[in-house]
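Single-structure report; data block below.
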Amino acid sequence: MGNERLLLQEDIHHMYDHLHPEDEICVKENIVYQKPSTLLDTPFHYCPGCGHSTVHKLIAEVIDEMGIQEQTIGVAPVGCAVFAYNYINIDWQEAAHGRASAVATGIKRVLPDKFVFSYQGDGDLAAIGTGETIHTCNRGENITIIFINNGIYGMTGGQMAPTTLEGMKSTTSPNGRDVHWAGYPLKISELLAQLPGTYYVTRQAVFSPNHVRKAKKAIRNAFEYQKLNKGTCLVEIVSNCPSNWKMTPTESNMWLQDNMIKYFQLGDIKLPKKEEAK
Amino acid sequence: MKELKLMKGNEAIAEAAIRAGCDAYFGYPITPQSEILEYLAANAQKRTGMVVLQAESEIASINMVYGAAGCGKRVMTSSSSPGISLMQEGISYIACAELPCLLVNVMRGGPGLGTIQPSQGDYFQTVKGGGHGDYRLITLAPSTIQEAVDFTKLAFDLAFKWRNPVMLLLDGAIGQMMEKVELFSQQERLKEAPDWATVGKPKNRERNIITSLHMQPEDMEKTNQHLQAKYRKIEEEETRFECYKCDDADYIFTGFGLVARIAKKAADIARTKGYKIGVFRPITLFPFPYSEINNLSKKVKAILDVEMNTGQMLEDVKLAVNGNIPVEFHGRTGGMIPTPEEIVAVFEEKIIKRK
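As given, the protein sequences belong to chains A and B, one line each in that order. Heads up: the first sequence runs through residues 2 to 279, numbered per this note's numbering. Heads up: the second sequence runs through residues 102 to 456, numbered per this note's numbering.
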């Protein structure tokens, strides 16, 4: 820092001296963006640059826009998003590791008119919870699954995940994932799309504004389709983990584009038949 | 008007669950209790609209129970020993999140894949933990099919009264045999959810969170203190037991569930031989009737504990007796059921001859 002068709070106030609440510019019609009301003021615990907070915000925006805050129940996973319930102002249940879709099944079966979603990471959904995931989708439970795939176990400190790429280093694959020893990165969304119980399966990302917009649309679809009772909707978000990938947020997003989405290609994997989705 | 029926234990439990106004059952087939799922699948939905779902595993079942119980519904699952082992993680979560539910364990012989024959080998698992951490299941041990029916209803009431999972613990023989039962009348399903349930957050209340996670040490310790305080109250208010001819007894047979019935017959046989024997049967295994057994130990000469395991409740009987009198044990395993004559012979061998 040296003698560099820091921007003081009062300087910021001066910058906006010309704006007063009574000025016409500060009217409701001029608002172009604001925090969704379903998102709480709790500061996110996520690392800088992590995709989780963006996805949380998108879910809150969709809940706001659909006006379903009072009818939505979320199921949080074990993993970095274990505290999802601290950020989105709806009723929540916190599930055991891997069991979020079974918990969501229990909720939806006794409250079939509510919107129920699980929010799960790759270790949760595609390793320890594979059985629950496949059978939830195979029963066609009318829930939405938000699946964050960042190719690593974040909360436990960067171990190899079922979706860790070939050659990708982690604390438990220090020389890079050897697929002949540890198996292949699992494209579970493609696998789930094969099941008659799934209605909508898509893979999105949130590393650029354009991708954020698309991801939001996918999440919106995945909630809207719950009204149809046609089956499970799954939105995979290919995300980053700057801390455990040992990169800056920007580097991690570059790496994600160059590596993750080469293997986990973005786009819709299973779409509803056109006449049904009306 | 009395409604009497001749019913198989497992089917009677299923019938009682429907009549108790159960909202949902999630389970996975395993011998010797699959009739519970089968009976519910055939009868429950059309009669009360109850949800009956066959899950892909016991792990999924118990987590479905967690989800539905978190919505404030009357929810249950049932299984047998190995399946209950698989559920232990979920049971620990349910206990910590304080979700009411009914768990039924129709015990078979272990360890391992063991046998499908009856056993009482899951006493430790049920009352001493089973899953991780400090928690307790209110445990009801029926010794007749009538009690299995009555305790199914009682279990839901206790579960909601204490916001605690309740285990109905019986052996495969009670599950499989037939007896005459008097059924209670159909109870309504719950219309309103308790205030803690996750049913969608209305504008005028804070969000409800069903969780067993408390990352701050202070919070987690408080959670444990709260649970322990609840368990102490449960011990004060819910301890249940039966005394059979204990008043004039010189010796006591202790046993729970099916074994207590056999012990009563054994006591009657022994009385014809001139031994004054009573039977003390804990009905709740948690809370355990420690003080009642302690009181007995000041009046009688010795206790013979009989179980279909290698001596599990025995440890609690000894804790209760606290060295006041000798406590002997007779156990059978692997699906072997002790006979009354065998118990009398063991009594004469281990207690009378060794005096």
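Note that beta-carbon positions come from the ideal geometry of N, C-alpha and C, so glycine has one too.
Burial state of residue i, where buried means 16 or more other Cβ atoms lie within 10 Å
i	result
B/S398	buried
B/R306	exposed
B/Q317	exposed
B/I353	buried
A/V33	exposed
A/V28	exposed
A/P163	buried
A/R178	buried
B/R382	buried
A/V180	exposed
B/F225	exposed
B/R433	buried
B/R237	buried
B/D446	Correcting the residue identity first, residue 446 of chain B is Ala in this sequence and not Asp. Exposed, by the Cβ-count rule.
A/K36	exposed
A/P44	exposed
B/S286	exposed
B/V360	buried
A/Q70	buried
A/I230	Correcting the residue type first, residue 230 of chain A is Asn in the shown sequence and not Ile. So A/N230 ends up on the exposed side.
Contact under 8 Å by Cβ, residue i with residue j
i	j	result
A/F208	A/N241	yes
A/T137	A/Q227	no
B/K109	B/Q277	yes
B/S179	B/M208	no
A/T86	A/A77	According to the sequence shown, residue 86 of chain A is Tyr rather than Thr. For A/Y86 and A/A77, yes; Cβs fall inside 8 Å.
A/L59	A/I135	no
B/V267	A/G107	no
B/A161	B/V153	no
B/K254	B/A121	yes
A/Y200	A/T233	yes
B/I93	B/K454	Because chain B in this structure spans residues 102 to 456, residue 93 of chain B falls outside the shown range and cannot be described.
A/Y154	A/G130	no
B/P295	B/G210	no
B/F389	B/D406	no
Residues bridged to residue i [DSSP beta-bridge criterion]
i	result
B/C202	B/P266
B/Q431	In the sequence as displayed, the identity of residue 431 of chain B is His instead of Gln. B/H431 is bridged to B/V407.
B/K374	B/K374 is not bridged to any residue.
B/L271	B/V207
A/A148	In the sequence as displayed, the identity of residue 148 of chain A is Phe instead of Ala. BP columns for A/F148 point to A/Q121 and A/E237.
A/W93	A/G75 and B/I310
B/Y126	B/V153 and B/M177
B/G379	B/I353
B/P219	B/R209
A/A206	A/V239
Three-state secondary structure (DSSP) of residue i
i	result
B/E157	coil
B/L417	First, the residue type needs correcting, since residue 417 of chain B is Asp and not Leu in the sequence shown. Of the three classes helix, strand and coil, the one that applies to B/D417 here is helix, per DSSP.
B/D349	coil
B/E289	coil
A/I69	coil
A/M255	helix
B/T440	coil
B/I131	coil
B/I384	coil
A/E142	coil
B/Q247	helix
B/A298	coil
B/I239	strand
Length of the line joining the Cα atoms of residue i and residue j
i	j	result
B/G171	B/W263	14 Å
B/A256	B/E393	23 Å
B/T385	A/Y47	46 Å
A/I262	A/N139	26 Å
B/Q155	A/W93	25 Å
A/A1	B/I275	Outside the shown range of chain A, which is 2 to 279, sits residue 1 of chain A, and nothing can be said about it.
B/Q218	B/P133	8 Å
B/P441	B/I363	6 Å
B/A125	B/E339	26 Å
A/W246	B/G222	48 Å
B/D272	A/D114	39 Å
B/K103	A/N143	43 Å
A/F118	A/V236	11 Å
B/D369	B/L270	26 Å
B/K323	A/D269	47 Å
A/N150	B/F387	44 Å
A/L41	B/T149	40 Å
Closer than 7 Å: residue i CB and nearest the ligand SAH heavy atom
i	result
B/C344	Because no ligand of any kind appears in the structure shown, any question about the ligand SAH cannot be addressed here.
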